[in-house]
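Only one structure is covered here, and it is reproduced in the block below.
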Amino acid sequence: MFDNFPLWPDRASTAAGNVDALFIFLLIVCGLMTLLIFATLIYFAARYRHRRGVLAEQIEGSIPLEVTWSIIPLFVFMVIFAWGAVVYFKSRTPPRDATEVYVVAKQWMWKLEHAEGQREINELHVPVGRDVKLIMTSQDVIHSFFVPAFRMKQDVLPGRYTVAWFRATKSGTYHLFCAEYCGTQHSGMLGSIVVQEPAQYEAWMNGGTTGPLSATGEKIFAELGCVTCHRTDTQGRGPTLQGVFGKPVLLEDGRTVAADENYVRESILDPGAKVVKGFKPVMPTFQGLVSEEQLNALVAYVKSQSQPTGPGTKTSATAAPQNEGKPAGSQVQ
Ligand SMILES: [Cu+2]
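Our numbering puts the sequence shown at residues 1203 to 1535.
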């Protein structure tokens, strides 16, 4: 209905319609409220204007009136709360089998790397109709990944991963902005999201790849000597990393944490922070020795060790449990 209304940017993701509907609802509620206030104001000003000889009568409060003006707004606010929560949680929860793209922000550019290995700068190619999960971090200060056409905005922080996702619904080229003031050339930190039809996208994907990100990660894993402690059998000084990602990890101090991207990242940069049960804190820190890109590749590699199929192919939900009960080392690919 509002598609050609110039106040709105393109609507090019599954989230866009939901966000706009909520926004329009808020506008209507606020608009009606404003009308109501001004209409009563004008009416009362006329009705109770000062007249010679007529004195105002003091009213000491009215319970029915006060209850009414408390209950009705409460109801309206609860609608806003529930609706907002639904839209928020939807946009905060990436679907399980989304394609993954690693994003590294720096003053003043966006570096993007597909799980399949393609690297891009200030440009991100994605196919129509597929869920895309962004795993983002910054090399310096706080940035923010903002794509108005997708109604998507997420802060990108140094020292940790933040996650966002979208599913594009219309092919085309859309603006990517940095929405967090990040220094003198902040306003130039621009990019574009190129949404392509699946066939076009496939063609783009097949041009000049360097191999999957997890393969790059495997190389770094060997070069940095991780592989000497983290062997695929259980003979290394560190735990085997097969099947670790996505599972709960029991720690020395009795806590259990989820092995997600931030956990792997922390294990590499600050190994002492969470020590796996049954192991000594002998892993050296790699803080300062690995770049953000290398970290992403290592994370992708550790991740791939929990996915029996290669990146790009869908991981079947039944594949993971099959490995349970067997020694982790028996599933070498
Ligand atoms: Cu920025």
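Don't be surprised by glycine CBs; every beta carbon is placed ideally from N, CA and C.
Asked, Found
"Compute every distance between the C-beta of M1391 and the non-hydrogen atoms of ligand 1, then say whether any falls below 6 angstroms.", "yes"
"Are there three or more Cβ pairs, one per stretch, closer than 8 angstroms when the segment 1206-1221 is compared with the segment 1357-1377?", "yes"
"Report the rounded CA-to-CA distance for P1486 versus G1438, giving the unit in angstroms.", "15 angstroms"
"Counting Cβ pairs, one atom from each stretch, are 3 or more of them under 8 angstroms apart for the segment 1454-1461 and the segment 1294-1308?", "no"
"Please specify which runs of the beta strand (DSSP E), each continuous and at least 3 residues long, are wholly inside the segment 1299-1348, giving them in chain order.", "1301-1308, 1311-1316, 1321-1323, 1325-1329 and 1333-1340"
"Secondary structure at W1406, three-state DSSP: helix, strand or coil?", "helix"
"For the pair the segment 1388-1397 and the segment 1326-1339, tell me if three or more CB-CB distances fall below 8 angstroms.", "yes"
"Roughly how far, in whole angstroms, is the beta-carbon of Y1376 from the beta-carbon of A1351, given that I think they are within contact range, below 8 angstroms?", "4 angstroms"
"Using a threshold of 7 angstroms, state whether the C-beta atoms of L1452 and K1479 are closer than that.", "yes"
"If you count every other CB in all the chains shown that lies within 10 Å of the CB of I1613, and 16 or more means buried, which is it?", "Shown here, the chain extends from 1203 to 1535; a query on residue 1613 therefore has no answer."
"Tell me H1377's beta-bridge partners as DSSP assigns them.", "S1394"
"Leaving out the 5 sequence neighbours to the left and right, which residues in its chain are closer than 8 angstroms to V1278 when beta-carbon positions are compared?", "V1231"
"Taking CB distances under 7 angstroms as the criterion, tell me whether G1361 reaches chain C.", "Among the chains in the structure shown there is no chain C, since it carries only a single protein chain."
"Give the list of continuous alpha helix (DSSP H) stretches no shorter than 4 residues that lie fully inside the segment 1451-1478.", "1463-1471"
"Under the three-state reduction of DSSP, which class applies to T1270: helix, strand or coil?", "helix"
"Determine the DSSP secondary structure at Q1507, reduced to helix, strand or coil.", "coil"
"Under a three-way DSSP split, which group does W1210 fall into?", "coil"
"What three-state label does DSSP hand V1358 in the structure shown?", "strand"
"Please report the straight-line C-alpha distance between V1288 and R1249, rounded to a whole angstrom.", "44 angstroms"
"So, P1296 versus W1406, is the Cβ gap smaller than 7 angstroms?", "no"
"Ligand 1 and H1345: does the residue's C-beta get closer than 6 angstroms to at least one heavy atom of that ligand?", "yes"
"Straight-line CA distance for I1274 to V1281?", "11 angstroms"
"Round the Cβ separation of S1416 and S1508 to the nearest angstrom and send it over; I've been treating them as touching at under 8 angstroms.", "Their Cβ separation, rounded to whole angstroms, is 11 angstroms, which puts S1416 and S1508 out of contact at 8 angstroms."
"Is V1501 helix, strand or coil by DSSP?", "helix"
"Rounded to whole angstroms, what's the CA-CA distance from L1491 to E1425? Just pull it up for me.", "12 angstroms"
"Measuring only the C-alpha atoms, how far is R1467 from L1378?", "26 angstroms"
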